[in-house]
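Novice: One structure is given below, represented as structure tokens, and several questions about it will come after.
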DNA sequence: ATTAAATTTGAAATCGGTTTCAGACGGTCC
DNA sequence: GGACCGTCTGAAACCGATTTCAAATTTAAT
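Protein chains in written order, with the working numbering: chain H, 1 to 349; chain V, 350 to 698.
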């Protein structure tokens with residue numbers, strides 16, 4: 001079968017429908033939205049035409065005249081990271097249930113890109129913006145990013161997954177500290193003391209709070225923190241791999257590694273294997289996010305779980321509530337739990 | 350620091366800028382777009398105000414009056430699948446270079462959802478829609494999906510990653526047949542004859558063409574096809590795991606498995622391991638997509654690579670060209686290559 | 001200094017919807 | 001039959017940009 005691809009049909013509008021039905025555009029609009037009663041006879045005629053032409057109202061025009069677009073913008077660091085893709089899908093599902101659409105963009109952790117995307121969503125008149133993987137408030141003074149968020153907030157509500165006192169945003173955050181407590185208790189109960197923290201960037205909220213609690217745990221248990229056991233990097237497998245290789249350059253190798261997330265952990269595992277070590281016999285590894293990766297590595301990863309479905313739901317609920325001007329707690333917390341699998345075990349030495 | 354979260358500032362418009370600058374909106378628009386010359390003195394005054402208020406023109410209004418929105422809609426089956434997330438990011442990068450924005454939605458393989466998303470993108474007046482993971486043309490008669498695509502095509506150009514003669518769409522497809530040839534040659538050169546094909550759904554174009562070429566390869570080499578060696582499923586790890594478990598229920602177990610993709614392959618590997626078999630000593634496994642997963646499984650996966658960057662670029666180039674009414678080949682092909690890693694080896698028996 | 005040519009500018013129409021407002025229509029009740 | 005009321009309906013204004021068209025202002029040329 002052959003089609004002429006240049007035959008782009010004329011887009012039909014509410015006026016075309018109105019004309020053919022012999023009514024005014026207002027009436028068609030009323031039928032479309034059920035916003036007022038329309039005489040049955042006309043209603044039927046109009047609906048038939050809508051059906052016939054498969055008419056879909058122009059969302060731009062609708063958004064222009066309405067106050068809301070029923071769209072929520074979501075900015076993640078990188079959808080290729082299974083943590084974000086899982087959370088995004090959870091948000092998408094929650095939004096769908098509520099009759100909202102979502103838009104997605106990747107910041108790739110670059111401030112410029114993030115600012116640009118905030119602008120784009122503002123221009124598109126999304127009802128709210130959810131920004132995942134934000135930067136650490138404590139480390140932000142008055143840089144471009146903070147200024148941008150602050151200016152965006154005046155027109156569009158912003159929900160972040162981090163803590164950010166410097167701007168009027170709403171936060172729905174994972175209690176990273178609680179997660180780290182679970183991890184530390186787990187490892188220390190196995191007798192580990194030489195514990196490394198691998199991956200992540202201290203400018204990112206979640207990483208910063210994990211690190212802080214890591215320090216506190218060591219301190220409260222009288223274990224001295226070793227600077228060389230904390231290796232920063234990005235969040236992907238390759239970065240995890242390289243970070244772990246650096247650990248192996250040390251004279252005294254740790255008996256346990258806390259990976260900043262599963263994504264990086266998969267690279268860490270590869271490094272460990274290539275160094276001829278067994279997991280968990282020689283080195284235990286525990287990570288965060290409990291994505292599908294935790295299930296497919298060998299051995300399977302012990303990982304901190306966030307319940308994506310609930311988390312996504314909470315983010316979307318907040319976004320919708322805030323955009324409709326409802327009262328909403330400015331700070332909400334999601335509790336993590338530890339899923340123990342095969343990658344962690346007793347410290348032999 | 351405390352902020353009043355209810356203080357949503359008034360959105361300022363081009364008219365506000367115009368008024369304060371003592372010019373007309375037309376002039377502001379001209380400055381904004383550099384579409385015509387404006388006296389330097391006024392221009393400076395306007396730009397200063399734009400800066401001062403951080404004014405960003407309403408994209409809805411702009412889209413309404415312009416013919417284009419500079420946006421491309423992308424529909425994937427599931428961003429959680431690393432194949433799609435990698436391809437999406439590649440598209441996003443290519444689009445950005447060209448000054449376009451992209452929108453993303455997940456169909457989750459459900460026809461209803463897919464149709465709904467096509468409608469949404471049409472309503473949002475995207476300049477083109479890229480639909481990845483399409484259904485098999487040969488198996489489509491006149492179902493809801495084909496009808497929908499056909500009706501969408503009349504208003505918005507559609508680019509698919511499959512073959513679809515039943516509607517005037519553009520195709521940029523991976524040569525799945527060539528990929529399967531590489532895989533079969535590789536396995537057969539290692540002496541394998543009992544080769545299973547695990548995962549995937551024959552309604553999906555790419556899977557269908559892989560299967561066809563699988564059959565042809567067996568036939569041309571005089572190997573009889575065994576129905577029980579072809580197990581369909583979805584494309585995720587869990588589905589791969591279950592599908593492979595079914596293979597293990599057979600009396601005569603294959604010596605090599607072709608996984609429909611890396612994502613499913615990771616589950617297949619788990620099943621093989623749990624059945625006490627070694628890879629590749631007991632069973633070889635080769636898969637498609639060459640995502641980051643191929644590098645993080647143990648052993649690493651031999652996988653067919655598509656060069657995401659080029660592929661994404663080709664999709665976006667086509668989308669942009671078509672949306673601007675430029676001539677464009679209706680059917681383009683991307684050549685795959687095989688990346689050999691550790692999961693495939695000689696057949697022992 | 002005039003006039004022609006080029007450059008700037010704003011009013012108004014347009015994109016495709018929604019919504020307010022006032023009038024038309026039909027029915028009910030005395 | 002007239003007053004009253006509720007249901008429908010369309011004209012017109014509006015949302016926030018762009019763009020055409022013609023007028024106004026400069027600038028250049030003679």
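Cβ coordinates follow ideal geometry from the N, Cα and C atoms, glycine included.
(1) 7 Å is my cut-off, CB to CB: does residue 452 of chain V come that close to chain H?
(2) Rounded to whole angstroms, what is the Cα-Cα separation between residue 343 of chain V and residue 246 of chain H?
(3) What does the alpha-carbon distance come out to for the pair residue 541 of chain V and residue 481 of chain V?
(4) Let me check one thing: in DSSP terms, what residues is residue 331 of chain H bridge-paired to?
(5) Comparing alpha-carbon positions, which option in V/434, V/426, V/378, V/389 lies nearest residue 658 of chain V?
(6) Suppose contacts are defined by Cβ-Cβ distances below 7 Å. Is residue 302 of chain H in contact with residue 344 of chain H by that definition?
(7) Taking the straight line between their C-alpha atoms, what separation do you get for residue 150 of chain H and residue 107 of chain H?
(8) Hey, out of V/374, V/476, V/607, whose CA is closest to residue 531 of chain V's CA?
(9) Cβ closer than 9 Å: which chain V residues qualify as neighbours of residue 89 of chain H?
(10) Taking 7 Å as the threshold (C-beta atoms), are residue 122 of chain H and residue 405 of chain V in contact?
(11) Per DSSP, what kind of secondary structure is residue 447 of chain V in: helix, strand or coil?
(12) Would you decide whether residue 382 of chain V is buried or exposed? Buried here means 16 or more other CB atoms lie within 10 Å of its CB.
(13) Give the interface partners of residue 473 of chain V over in chain H, defined as CB-CB distance under 8 Å, in chain order.
(14) Could you confirm whether any beta carbon from chain V is found closer than 7 Å to the beta carbon of residue 255 of chain H?
(15) Give me, in chain order, the residues of the same chain whose beta-carbon lies closer than 8 Å to that of residue 473 of chain V; leave out the 5 immediate sequence neighbours on both sides.
(16) How many angstroms separate the CA atom of residue 621 of chain V from the CA atom of residue 615 of chain V?
(17) If you reduce the DSSP assignment to three classes, tell me which class residue 67 of chain H lands in.
(18) Pull up the distance between the alpha-carbon of residue 691 of chain V and that of residue 194 of chain H, whole angstroms please.
(19) Got a sec? Which residues, its chain only, sit under 7 Å from residue 12 of chain H by beta carbon, not counting five neighbours each side?
(20) Do the CB positions of residue 547 of chain V and residue 605 of chain V come within less than 7 Å of each other?
(21) Let me know the secondary structure DSSP gives residue 338 of chain H once reduced to three states.
(22) Output the residue ranges of the alpha helix (DSSP H) runs that lie fully inside the stretch 568-594 of chain V and measure 4 residues or longer, sorted by chain position.
(23) At a CB-CB cut-off below 7 Å, which residues of chain H make contact with residue 569 of chain V?
(24) Tell me whether the beta-carbon of residue 712 of chain V lies closer than 7 Å to the beta-carbon of residue 648 of chain V.
(25) Return the CA-CA distance between residue 525 of chain V and residue 685 of chain V, expressed in angstroms with no decimal places.
(26) Using only alpha-carbon positions, find the residue among V/601, V/373, V/440 that is nearest to residue 105 of chain H.
(27) Smallest Cα separation from residue 529 of chain V: which of V/638, V/366, V/363?
(28) Given that residue 54 of chain H touches chain V, what residues does it touch there, using C-beta distances under 7 Å?
(29) Under a CB-based cut-off of 7 Å, is residue 629 of chain V close to chain H?
(30) What did DSSP end up calling residue 187 of chain H once you bin it into helix, strand or coil?
(31) What does a CB cutoff of less than 8 Å around residue 689 of chain V pick up in its chain, not counting 5 residues either side in sequence?
(32) Pick helix, strand or coil for residue 473 of chain V, following the three-state DSSP scheme.
(33) Checking 7 Å against the spacing of the C-beta atoms, do residue 87 of chain H and residue 312 of chain H come in under that value?
(34) Using the C-alpha atoms, what's the distance from residue 609 of chain V back to residue 517 of chain V?
(35) Nearest-angstrom Cα distance between residue 380 of chain V and residue 230 of chain H?
(36) Quick check on the DSSP output: the beta strand (DSSP E) that includes residue 294 of chain H runs from which residue to which?
Specialist: Looking at the coordinates:
(1) The residue labelled residue 452 of chain V in the question sits at position 103 within the second chain. Yes, residue 452 of chain V counts as interfacial toward chain H.
(2) This structure does not reach residue 343 of chain V, given that chain V is present from 350 up to 698, and the question cannot be answered.
(3) Walking along the second chain from the start, residue 541 of chain V turns up at place 192. Walking along the second chain from the start, residue 481 of chain V turns up at place 132. Near 32 Å, if we compare the C-alpha coordinates of residue 481 of chain V and residue 541 of chain V.
(4) Your numbering for residue 331 of chain H matches position 331 in the first chain. Note: residue 331 of chain H sits in a beta bridge opposite H/171.
(5) Counted from its first residue, the second chain places residue 658 of chain V at position 309. Out of V/434, V/426, V/378, V/389, V/434 has the C-alpha closest to the C-alpha of residue 658 of chain V.
(6) Residue 302 of chain H sits at position 302 when you count from the first residue of the first chain. Residue 344 of chain H sits at position 344 when you count from the first residue of the first chain. Result yes, Cβ atoms of residue 302 of chain H and residue 344 of chain H sit closer than 7 Å.
(7) The residue you call residue 150 of chain H lines up with position 150 of the first chain. The residue you call residue 107 of chain H lines up with position 107 of the first chain. For residue 150 of chain H and residue 107 of chain H, the distance between alpha carbons rounds to 18 Å.
(8) Along the second chain, one-based indexing puts residue 531 of chain V at 182. Of the listed residues, the one whose Cα sits closest to residue 531 of chain V is V/607.
(9) Numbered from its first residue, the first chain carries residue 89 of chain H at position 89. Within 9 Å Cβ-Cβ: 427, 428, 429, 455, 457.
(10) Looking up residue 405 of chain V in the second chain gives position 56. Looking up residue 122 of chain H in the first chain gives position 122. For residue 405 of chain V and residue 122 of chain H, yes; Cβs fall inside 7 Å.
(11) As a position in the second chain, residue 447 of chain V is number 98, starting the count at 1. Correct three-state label for residue 447 of chain V: coil.
(12) Walking along the second chain from the start, residue 382 of chain V turns up at place 33. Exposed, by the Cβ-count rule.
(13) Here the question's residue 473 of chain V lines up with position 124 in the second chain. The answer, in chain order, is 59, 60.
(14) Position 255 of the first chain, counted from the first residue, corresponds to residue 255 of chain H. False, the Cβ-Cβ gap to chain V never drops below 7 Å.
(15) By one-based count along the second chain, residue 473 of chain V stands at place 124. Cβ neighbours of residue 473 of chain V beyond the five flanking positions: 418, 420, 422, 452.
(16) Mapped onto the second chain, residue 621 of chain V falls at position 272. Mapped onto the second chain, residue 615 of chain V falls at position 266. Using only the alpha carbons, I get a separation of about 10 Å.
(17) Counted from its first residue, the first chain places residue 67 of chain H at position 67. Coil, per DSSP.
(18) Position 342 of the second chain holds residue 691 of chain V. Position 194 of the first chain holds residue 194 of chain H. One C-alpha to the other measures close to 33 Å.
(19) Translated into the one-based positions of the first chain, residue 12 of chain H becomes position 12. Hits under 7 Å: 53, 55.
(20) Locating residue 547 of chain V in the second chain gives position 198, counting from the first residue. Locating residue 605 of chain V in the second chain gives position 256, counting from the first residue. For residue 547 of chain V and residue 605 of chain V, no; Cβs fall outside 7 Å.
(21) Numbered from its first residue, the first chain carries residue 338 of chain H at position 338. Three-state result, residue 338 of chain H: strand.
(22) none
(23) Within the second chain, the letter at position 220 stands for residue 569 of chain V. Correct list: empty, because the minimum Cβ distance to chain H is about 30 Å.
(24) Outside the displayed span of chain V (350 to 698) sits residue 712 of chain V, for which this structure offers no information.
(25) Taking the first residue of the second chain as position 1, residue 525 of chain V is located at position 176. Taking the first residue of the second chain as position 1, residue 685 of chain V is located at position 336. Distance between the alpha carbons of residue 525 of chain V and residue 685 of chain V: 8 Å.
(26) Looking up residue 105 of chain H in the first chain gives position 105. Considering only alpha carbons, the answer is V/440.
(27) Looking up residue 529 of chain V in the second chain gives position 180. Selected option, being the one with the closest Cα: V/638.
(28) For the purposes of this step, residue 54 of chain H is taken as residue 54 along the first chain, with counting starting at 1. Under the 7 Å cutoff, chain V gives 500.
(29) Taking the second chain and counting its residues from 1, one reaches residue 629 of chain V at position 280. Answer no: the Cβ-Cβ gap between residue 629 of chain V and chain H never drops below 7 Å.
(30) Here residue 187 of chain H corresponds to residue number 187 of the first chain, with the count starting at 1. Residue 187 of chain H falls in the helix class under three-state DSSP.
(31) Locating residue 689 of chain V in the second chain gives position 340, counting from the first residue. Same-chain partners within the cutoff: 535, 651.
(32) Residue mapping note: residue 473 of chain V aligns to position 124 of the second chain, counting from 1. DSSP places residue 473 of chain V in coil when its eight states are reduced to three.
(33) Counted from its first residue, the first chain places residue 87 of chain H at position 87. Counted from its first residue, the first chain places residue 312 of chain H at position 312. Result yes, Cβ atoms of residue 87 of chain H and residue 312 of chain H sit closer than 7 Å.
(34) For this step, residue 517 of chain V is matched to residue 168 along the second chain. For this step, residue 609 of chain V is matched to residue 260 along the second chain. Rounded to whole angstroms, residue 517 of chain V to residue 609 of chain V spans 28 Å at the Cα level.
(35) As a working note, residue 380 of chain V is residue 31 in the second chain. As a working note, residue 230 of chain H is residue 230 in the first chain. Each residue's Cα considered, the two are about 51 Å apart.
(36) Locating residue 294 of chain H in the first chain gives position 294, where the first residue counts as 1. No beta strand (DSSP E) holds residue 294 of chain H; the alpha helix (DSSP H) holding it covers 293-296.
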